[in-house]
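A short worksheet on the structure shown next.
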Amino acid sequence: MWSDQPSGADERLSDVDRALVHALQVDPRAPWARIAQVLGIDAATVARRWGALVESRNAWLTVACDVPVESRALALVLVPGVPSDAEIEVWCSDASTLTADRTSRGVLLLVHDRTLDALAGRVAALVGTGHTLEFVVDTHLEHERPLDVLGPAQVRALTPPPFDPTDRGRPPRDDTVHDTVLLLTEDVRMSLGAIAQRLDVSDATARRLVERLLGLGLVRLGCDVAAPVLGQRREVVLAWPPSTTLLPPSCSPTPR
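Residue numbers (our numbering): 1484 to 1739.
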């Protein structure tokens, strides 16, 4: 039997809520009835408690496309003067360039890479010398906090069947995949019937689309919980300045 009171270091998250979050980490789209059966409570209670967690912003469902980036360094680069359209087109064609904007001071490029060292080389290769770094940020993204509440048998009961990549028919069109991802972003638990209606496809097609996106790892669903209710600090770090190698000569780190 799950306790309805906070446990251990938790100040606001009860045992039953922890078990619910763990269940949704195993399968964010699992029906409430299945989760209720695994947890030994009724489906209405499961739905009500999840609604309360979302309302209080203590837990939420997540959607990530492709492989999540564990660490990303960003730099805002000012290229002074009036670069030609051809130069800007070359910069924009590079996968590391997120945005390019003309300003009265020149062109501002927002460039990213996985690490600061890689970013330094990327900026140098992209625009060479003569540029100014407006700012550099090293971000460490907050990961899903996996809970370990349910037993192995409970996890097995909630784990979706393995994806079978064979005999899946024609690959879906890019625009259909895009629209499906947007719908999952809108509501991770949107029913297959609702997805089918919004996409104007059959329920079977909607099921294949969702299974394919998840099975091939094109979309990753999850469930996260706020760090404070687990007695943890928030795991987001903004480092400024992160490294003197990426700063213009006139700048130097100021100890804090």
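Every residue gets a Cβ at the ideal spot worked out from N, C-alpha and C, and that includes glycine. These numbers come from a predicted model, not from an experiment.
With C-beta atoms as the reference, is residue i less than 8 angstroms away from residue j?
i, j, result
"T1582", "A1556", "no"
"L1666", "I1678", "yes"
"L1593", "L1559", "yes"
"G1604", "G1564", "no"
"L1561", "L1609", "no"
Since I believe residue j is in contact with residue i (beta carbons under 8 angstroms), could you give me their beta-carbon distance rounded to a whole number of angstroms?
i, j, result
"Q1508", "G1700", "About 17 angstroms; that fails the 8 angstroms criterion."
"L1496", "L1713", "7 angstroms"
"D1707", "W1543", "6 angstroms"
"D1510", "T1642", "7 angstroms"
"V1504", "L1630", "6 angstroms"
Residues in the same chain with beta-carbon distance under 7 angstroms from residue i, minus the five sequence neighbours each way, listed in chain order, please.
i, result
"R1690", "L1675"
"T1668", "V1546"
Just tell me which of the options has its CA closest to the CA of residue i.
i, options, result
"T1580", "S1587, I1571, R1588", "I1571"
"D1498", "L1609, G1523, D1662", "G1523"
"D1658", "P1648, P1644, V1537, L1682", "L1682"
"T1586", "V1504, P1566, A1640", "P1566"
"L1536", "Q1520, R1517, A1502, G1698", "A1502"
"F1618", "G1611, R1628, V1606", "V1606"
On the criterion of 16 or more Cβ atoms from any shown chain inside 10 Å, does residue i qualify as buried, or is it exposed?
i, result
"V1552", "Residue confidence for V1552 is low, a pLDDT of 45 falling below 50, so the modelled location carries little weight; the figure read from the coordinates is stated next. By the neighbour-count rule (16 or more Cβ atoms within 10 Å), V1552 is not buried but exposed."
"D1500", "buried"
"D1749", "The structure shown does not extend to residue 1749, since the chain is modelled only from 1484 to 1739, so the question has no answer here."
"Q1680", "exposed"
"A1506", "buried"
"G1491", "The predicted model places G1491 with a pLDDT of 43, which falls under 50 and marks its position as unreliable; any figure quoted below should be read in that light. By the neighbour-count rule (16 or more Cβ atoms within 10 Å), G1491 is not buried but exposed."
"V1693", "buried"
"A1513", "buried"
"A1569", "exposed"
Quick one: what's got a C-beta closer than 6 angstroms to residue i's C-beta in the same chain, skipping five residues either side?
i, result
"G1698", "F1646"
"R1672", "R1512"
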